[in-house]
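Here is the structure we will look at.
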Amino acid sequence: LCLSKKSVYPTGIHFTKKEVMFQTQLMKGTLAAMRVEGLAALVVPPSPGVPAGTKGTSCFLILLEDGSLHRVDVNDRTGEENKAANGSGQVPISNLQSIESKLSGLLAAKFGVEDKSSSRVRHATKAGGRPQFPVDFFERVECITPNVNYAGDLLQCYTSEIAKQRLAANGDYVVALQNEPFNIVVQNNNPDLVMVGVRVLVGAASLQHVPASFKILDRVVDVKEGVRRWYDFPFTVEESLSAEKEFSLVANPTPNGTNPPLIDSIEVYGLTREEMGIREKM
55 LCLSKKSVYP
65 TGIHFTKKEV
75 MFQTQLMKGT
85 LAAMRVEGLA
95 ALVVPPSPGV
105 PAGTKGTSCF
115 LILLEDGSLH
125 RVDVNDRTGE
135 ENKAANGSGQ
145 VPISNLQSIE
155 SKLSGLLAAK
165 FGVEDKSSSR
175 VRHATKAGGR
185 PQFPVDFFER
195 VECITPNVNY
205 AGDLLQCYTS
215 EIAKQRLAAN
225 GDYVVALQNE
235 PFNIVVQNNN
245 PDLVMVGVRV
255 LVGAASLQHV
265 PASFKILDRV
275 VDVKEGVRRW
285 YDFPFTVEES
295 LSAEKEFSLV
305 ANPTPNGTNP
315 PLIDSIEVYG
325 LTREEMGIRE
335 KM
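For this note's numbering, add 54 to where a residue sits in the sequence shown, where the first one is 1.
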C-alpha cells in the first residue's frame with residue numbers, strides 16, 4: 055500500500071511475475087481534503103456456507119484524520135459495472151488496471167535480443183549467470199553525460215563541477231588520493247531520463263594507474279593491466295530502474311599496490327521515461 059505522489063490517494067499495488075495490478079481509492083467530497091493517517095491490507099475470509107475453495111476478499115483499510123475507517127475491496131469491475139457496484143453516495147473506486155511488463159517489449163525494439171523460447175524479445179540474455187548485451191547497445195541509446203553530476207570519493211579531491219569537467223573526454227582525468235577502492239557516484243539530474251549504461255576510459259593518462267577491476271551494480275569486471283581502453287557497462291532493465299537516480303562505480307586498487315586508481319573519462323547513456331515505458335517520476 056502507498057499514497058500516490060501526485061494525488062495523495064491511497065493506492066494498493068499487487069505484483070506478480072508477469073504483471074502489476076493497482077487500484078486507487080478516489081477520495082471525493084469532504085474526504086478528499088482529509089489526511090490519510092494509516093493504511094492496511096488484509097484478506098477477509100469467505101462467509102460460512104459459500105462453496106469450498108472460494109477465495110477470500112482482498113481489501114485495504116484507510117484511516118482518515120477524523121478517525122473514520124474506510125474499507126475498500128479490490129475488484130476488477132470497470133465502467134458502469136463499477137459505478138453500479140458502489141451504489142449511490144459511495145466513494146467510487148478506479149478501475150483495477152492490469153499492466154503487463156512493458157519494459158522488456160519496449161526496450162526490445164531498441165536493443166533487445168530475441169528469445170527463441172518465446173516470441174518475446176528481451177533487453178539482455180544471460181549466459182553463465184551474467185547478462186549478455188548486443189554489441190551495438192550504445193549506438194541505440196543517447197549520451198546524457200551533461201545531465202549527470204558526480205559525488206562519492208571524488209569530492210575529497212574535486213568539486214562536483216570540476217570533476218564533471220575533468221571526466222569529459224578532453225584529455226583530463228580524476229585520480230584517487232591513495233591506492234584504495236575509488237567510489238564514484240553518478241547522479242541523474244534530469245527526472246525525464248533513465249540511465250541505462252555507462253562507459254569508462256582508463257589508461258589514457260597513465261598505464262601505471264589502471265585499476266585492477268570495476269564494481270558496478272553488483273557486477274565485478276576485471277580490467278586488463280597496462281592497457282588503454284574503454285570499458286562498457288550496459289544495464290539490464292532491473293538495473294536501470296534501480297539506478298534511476300544514482301549508481302556507484304567503484305574503481306578497485308591498481309595491481310602494483312602503489313599507484314592510486316585513475317579514471318580518464320566517463321560517458322553516461324540513457325533513455326527518456328517514455329521510451330522506457332515509465333509514466334510516474336520517482
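The beta carbon of each residue, even a glycine, is placed where N, CA and C say it ideally should be. Note that this is a predicted model, so its numbers are computed, not measured.
Here Asn-243 is exposed: its Cβ has fewer than 16 other Cβ atoms, across all protein chains shown, within 10 Å. DSSP places Glu-328 inside the alpha helix (DSSP H), whose first and last residues are 327-330. Between Leu-303 and Ile-270, the C-beta gap is smaller than 8 Å, which places the two residues in contact.
For Ser-302, the enclosing beta strand (DSSP E) covers residues 300-305. Taking Val-274 as the centre and dropping the five residues before and after it, the same chain places the C-beta of Ser-267 closer than 6 Å to its C-beta, in chain order.
In the same chain as Thr-111, and ignoring 5 residues on each side of it, the C-beta atoms closer than 8 Å to its own belong to Val-97, Val-98, Pro-100, Asp-127 and Val-128, in chain order. Cβ neighbours of Ala-258 within its own chain (closer than 6 Å, five residues either side excluded): Arg-282 and Asp-318. Cβ-Cβ distances below 8 Å link Leu-247 to Ile-198, Asn-201, Gly-324, Leu-325, Thr-326 and Arg-327 in the same chain, with the five nearest sequence neighbours on each side left out; the list follows chain order.
Looking at the DSSP output, Phe-268 shares a beta bridge with Val-275 and Ala-305.
Contact check for Val-256 and Pro-265: beta-carbon distance about 7 Å, within the 8 Å limit, so the pair qualifies.
Rounded to whole angstroms, the gap between the alpha carbons of Leu-93 and Gly-121 is 13 Å. Taking a cut-off of 8 Å on C-beta distances, the segment 223-243 touches the segment 296-314, as three or more cross pairs fall below it. Spanning the alpha carbons of Asp-272 and Asn-306 requires a straight line of approximately 14 Å. One alpha carbon belongs to Cys-113, the other to Val-104, and they sit about 19 Å apart. Beta-bridge analysis with DSSP links Cys-211 to no other residue.
With fewer than 16 neighbouring CB atoms inside 10 Å of its own CB, Thr-213 falls in the exposed class.
The three-state secondary structure of Leu-255, taken from DSSP, is strand. About 5 Å separates the Cβ atoms of Ala-297 and Met-249, confirming a contact at the 8 Å cut-off. Residues of the same chain with a CB within less than 8 Å of the CB of Leu-261, apart from the 5 flanking positions on each side, are Gly-280, Val-281 and Arg-282 in chain order.
Of Thr-308, Leu-295, Phe-287 and Asn-224, the smallest CA-CA separation from Lys-278 is found for Thr-308. When rounded, the separation of the alpha-carbon atoms in Asp-207 and Asp-190 is 32 Å. Between the C-alpha atoms of Glu-215 and Leu-123 there is a straight-line separation of about 51 Å. Cα atoms of Leu-209 and Asp-226: separation of roughly 17 Å, rounded to the nearest angstrom. In this structure, the alpha-carbon of Leu-118 lies about 50 Å from that of Cys-211. Burial is judged here by how many other beta carbons sit within 10 angstroms of a residue's own beta carbon; Ile-67 has fewer than 16 and is exposed. In this structure, Asp-286 is the residue among Ala-205, Val-240, Asp-286 and Val-239 with its C-alpha nearest to the C-alpha of Glu-193. Between Glu-91 and the set Ile-238, Ala-230, Pro-64 and Glu-329, the nearest pair of CA atoms involves Pro-64.
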